[in-house]
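Visitor:
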Amino acid sequence: MNPTELKSRLAKLWKDTFHDTDEYISLVFNNYFDPELVAYEESGGDVVAGLIGVPYEFGNAELRVRGLYLCGLATRPQFRSRGIMTRLLARINEVAREKGFVFTFLIPADEGLRKYYRDRDYVNAFYRVVDNYTSLHDFDREYESVLLEQKEKVADLKRRYYASLKTGFLRGTNKGSDGVLDGIKTLIRSIENTQRDLQIIHSDRDIELLIAENGLSGGVIHYVLNPQDEVTAVAFTSVSDGEVKVHKLFTADLASRFKVLGSVKTTNRELSIAHYVPSIEMDRKALWSRTYGSVMTDARQVPSISVTERVYSLAAHSRVYGMARILDLPEVLKFQADTRHDLKYSILVKAPDVYTYEQIDVRDGKLKLNRLPADSIPADKTAHVMTRRDIGEILFRRRDTDNMITEAFGIPSINGAISLMLD
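Residues 4 to 426 (our numbering) make up the sequence shown, in order.
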């Protein structure tokens with residue numbers, strides 16, 4: 004089947020399964036379809052099951068790894084329960100491994116699908132918390148209460164800055180000026196390039212497509228401009244189930260955060276707000292900012308008991324958003340070691356082939372890998388051998404289990420996060 008025909012048939016399968024609009028499906032396939040990053044099966048000349056892979060980078064400006072996002076996984080009803088999707092997952096994971104992706108990931112729609120993917124070596128990997136605001140919430144008043152905790156001169160300067168901020172939004176065919184679009188991309192790049200851990204990096208093209216998709220789906224993108232007309236906040240939102248959903252919020256400073264949320268509220272006065280926050284953003288600095296109104300330059304200055312309790316309280320309410328399957332474990336661990344020079348551990352892992360074990364040692368930001376024949380490992384050590392899925396569950400675990408597991412294995416959570424995906 005030639006690429007053009009394959010693209011058309013996979014798009015039809017997507018349409019028949021998920022019932023998305025033609026405009027949305029065209030946006031996806033015209034921009035993300037790559038015949039080398041798909042898996043499918045056909046019967047009688049028709050594609051009866053398939054999926055597409057979308058490449059993303061994770062990390063920051065200095066350290067990056069590649070992950071392949073799997074979406075549009077679909078099988079025609081009469082061909083289900085025959086193991087077809089299991090074969091397609093095995094096939095796309097092998098292709099991804101050969102092309103240098105260190106993991107594949109996906110967003111299951113429900114608990115039943117999470118169990119299905121877990122049985123195929125995927126682990127819970129990405130979590131998010133819903134930060135809720137009632138329809139009566141007043142963000143201007145909340146920011147003013149924050150300023151009351153500041154010294155008078157500082158508070159007055161911040162009050163003037165807050166008043167100088169301007170808001171706007173992109174809706175439908177209103178694509179905004181080139182300056183606003185460039186400003187949104189600049190803000191997102193700046194934040195994502197300075198982040199830590201295994202968080203997604205959106206390219207300029209990704210951001211442009213997200214803005215286009217927002218117009219097709221009826222969402223609204225709110226933004227804030229400072230007196231120099233620089234974008235200092237942007238919120239990707241939609242309305243469903245009687246509430247405003249803030250899918251992702253990027254802010255350069257605290258005032259802009261309150262200002263953009265205030266804009267969201269002003270546009271939807273009678274609705275509550277559900278802000279979806281990757282659980283790794285609920286760290287101690289962010290909580291201090293949210294609770295007390297200022298960002299500490301040193302997390303050690305934060306009162307340990309009350310804030311830590313709130314971290315764990317929020318983490319306990321986080322829900323699984325995405326799952327991942329590790330393809331190149333040494334590269335994932337190397338990425339983590341590069342960001343955490345304090346790590347010291349040694350593990351024995353089953354290699355992809357049954358005849359080899361991998362001895363992985365991490366120390367001082369470096370990873371050392373030795374591949375050992377299985378018959379060279381003493382019997383008393385084989386009891387401590389872990390599978391890739393074992394390590395995946397440790398690496399991608401929820402943050403509130405961090406201390407206990409880290410003490411046992413010496414491996415902290417890799418703190419993965421995904422947002423603004425084609426789900």
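For glycine and all other residues, C-beta sits at the position ideal for the given N, C-alpha and C.
Report back the beta-carbon spacing between K353 and V388 to the nearest angstrom; my notes put them in contact at under 8 angstroms.
Guide: As a first step, residue 353 is located in the sequence shown; it is residue number 350 there, counting from the start. As a first step, residue 388 is located in the sequence shown; it is residue number 385 there, counting from the start. 6 angstroms between Cβ atoms; contact.
Visitor: Does the Cβ-Cβ distance between L370 and A340 come in under 7 angstroms?
Guide: Translated into the one-based positions of the sequence shown, residue 370 becomes position 367. Translated into the one-based positions of the sequence shown, residue 340 becomes position 337. Contact flag set, yes.
Visitor: Rounded to a whole number of angstroms, what is the C-alpha to C-alpha distance between R208 and Y59?
Guide: In the sequence shown, residue 208 corresponds to position 205, counting from 1. In the sequence shown, residue 59 corresponds to position 56, counting from 1. Rounded to the nearest whole angstrom, the C-alpha separation of R208 and Y59 is 11 angstroms.
Visitor: Helix, strand or coil for K248? Go by DSSP, reduced to three states.
Guide: If you number the sequence shown from 1, residue 248 lands on position 245. If DSSP states are grouped into helix, strand and coil, K248 belongs with the strands.
Visitor: Among the candidates K188, T269, V133, Q153, whose CA atom is the shortest distance from the CA of G171?
Guide: Along the sequence shown, read from residue 1 onward, the residue named residue 171 stands at position 168. The shortest C-alpha separation from G171 is found at T269.
Visitor: Short of 7 angstroms in beta carbon distance, which residues of its chain neighbour F61, apart from the five on each side in sequence? Order them along the chain.
Guide: For the purposes of this step, residue 61 is taken as residue 58 along the sequence shown, with counting starting at 1. Closer than 7 angstroms at Cβ, skipping near neighbours: R67, V68, G70, L201, Q202, I203, I204.
Visitor: State the start and end residues of the unbroken beta strand (DSSP E) segment that holds T78.
Guide: In the sequence shown, residue 78 corresponds to position 75, counting from 1. It spans 67-78 - the beta strand (DSSP E) in which T78 sits, taken as one unbroken run.
Visitor: Exposed or buried, what is S84 when buried is set at 16 or more other beta-carbons lying within 10 Å of its beta-carbon?
Guide: Within the sequence shown, residue 84 is the residue found at index 81, counting from 1. Result: exposed.
Visitor: So what's M88 in DSSP terms, helix, strand or just coil?
Guide: Looking up residue 88 in the sequence shown gives position 85. Helix at M88.
Visitor: Pick helix, strand or coil for D141, following the three-state DSSP scheme.
Guide: Here residue 141 refers to the residue found at position 138 of the sequence shown. Three-state DSSP puts D141 in coil, outside helix and strand.
Visitor: Could you say if the stretch 151-162 and the stretch 207-223 meet the contact criterion of at least three C-beta pairs nearer than 8 angstroms?
Guide: no
Visitor: Output yes or no for whether 7 angstroms exceeds the beta carbon distance between A382 and Y358.
Guide: Mapped onto the sequence shown, residue 382 falls at position 379. Mapped onto the sequence shown, residue 358 falls at position 355. In this structure, Y358 does not lie closer than 7 angstroms to A382 by Cβ.
Visitor: Report yes if the C-beta distance between S259 and T235 is below 7 angstroms; otherwise report no.
Guide: Locating residue 259 in the sequence shown gives position 256, counting from the first residue. Locating residue 235 in the sequence shown gives position 232, counting from the first residue. Against a cut-off of 7 angstroms, the Cβ pair of T235 and S259 comes out as a contact.
Visitor: Rounded to whole angstroms, what's the CA-CA distance from V31 to G56? Just pull it up for me.
Guide: Numbered from its first residue, the sequence shown carries residue 31 at position 28. Numbered from its first residue, the sequence shown carries residue 56 at position 53. Rounded to the nearest angstrom, the two C-alpha atoms are 11 angstroms apart.
Visitor: Could you tell me the alpha carbon to alpha carbon distance between R391 and H250, rounded to whole angstroms?
Guide: Counted from its first residue, the sequence shown places residue 391 at position 388. Counted from its first residue, the sequence shown places residue 250 at position 247. Distance between the alpha carbons of R391 and H250: 31 angstroms.
Visitor: Can you find at least 3 beta carbon pairs, one from the stretch 185-195 and one from the stretch 130-137, that sit closer than 8 angstroms?
Guide: no
Visitor: Find the nearest neighbour of N96 within the set T107, D19, G325, G86, judged by alpha-carbon distance.
Guide: By one-based count along the sequence shown, residue 96 stands at place 93. Here the closest residue by C-alpha is T107.
Visitor: Closer than 8 angstroms by C-beta to F104: which residues in its own chain qualify, once you throw out the five before and the five after it? Chain order, please.
Guide: By 1-based counting over the sequence shown, the position of residue 104 is 101. The beta carbon of F104 sits closer than 8 angstroms to those of P58, R69, G70, L71, L330, D331, all from its chain and outside the five residues before and after it, given in chain order.
Visitor: So, L228 versus K169, is the Cβ gap smaller than 7 angstroms?
Guide: Taking the sequence shown and counting its residues from 1, the one referred to as residue 228 is at position 225. Taking the sequence shown and counting its residues from 1, the one referred to as residue 169 is at position 166. Their beta carbons are under 7 angstroms apart, which means L228 touches K169 by this criterion.
Visitor: The alpha helix (DSSP H) spanning Y120 covers which residue range?
Guide: Numbered from its first residue, the sequence shown carries residue 120 at position 117. Note, Y120: alpha helix (DSSP H), 114-121.
Visitor: Does DSSP put Y136 in a helix, in a strand, or in coil?
Guide: Translated into positions along the sequence shown, residue 136 becomes position 133. Looking at Y136 - three-state DSSP - the assignment turns out to be strand.
Visitor: Using the C-alpha atoms, what's the distance from S349 back to L375?
Guide: Here the question's residue 375 lines up with position 372 in the sequence shown. Here the question's residue 349 lines up with position 346 in the sequence shown. Note on geometry: alpha-carbon atoms of L375 and S349 lie some 14 angstroms from one another.
Visitor: Go ahead and label S422 buried or exposed: buried means 16 or more other beta carbons lie within 10 angstroms of its beta carbon, across all protein chains shown.
Guide: To locate residue 422, count along the sequence shown from 1; it is residue 419. Burial call: buried.
Visitor: Tell me whether N127 is buried or exposed, calling it buried when 16 or more other Cβ atoms sit within 10 Å of its Cβ.
Guide: Counting from 1 along the sequence shown, the entry for residue 127 is found at position 124. Buried, since its Cβ has 16 or more Cβ neighbours within 10 Å.
Visitor: Quick check: what's the CA-CA separation for V298 versus K18?
Guide: In the sequence shown, counting from the first residue as 1, residue 298 sits at position 295. In the sequence shown, counting from the first residue as 1, residue 18 sits at position 15. Since pLDDT at V298 reaches only 38, below the 50 mark, its modelled position is unreliable, and no value is offered.
Visitor: Keeping to the same chain, check which residues put their C-beta closer than 6 angstroms to that of I87; ignore five residues upstream and five downstream.
Guide: Locating residue 87 in the sequence shown gives position 84, counting from the first residue. Cβ neighbours of I87 beyond the five flanking positions: E44, A52, T78.
Visitor: What do you get for A14, buried or exposed, if any count of 16 or more other CB atoms within 10 angstroms of its CB means buried?
Guide: Here residue 14 is taken as the residue at index 11 of the sequence shown, counted from 1. When all chains shown are included, A14 counts as buried.
Visitor: Would T7 be called buried (16 or more neighbouring beta carbons within 10 Å of its own) or exposed?
Guide: What you label residue 7 is simply residue 4 of the sequence shown in a count that begins at 1. Looking at its Cβ environment, which holds fewer than 16 other Cβ atoms inside 10 Å, T7 is exposed.
Visitor: Considering only residues of the same chain and omitting the five flanking positions on each side of P38, which have a CB-CB separation below 7 angstroms?
Guide: As a position in the sequence shown, residue 38 is number 35, starting the count at 1. So the list reads P6, L9, once near-sequence residues are dropped.
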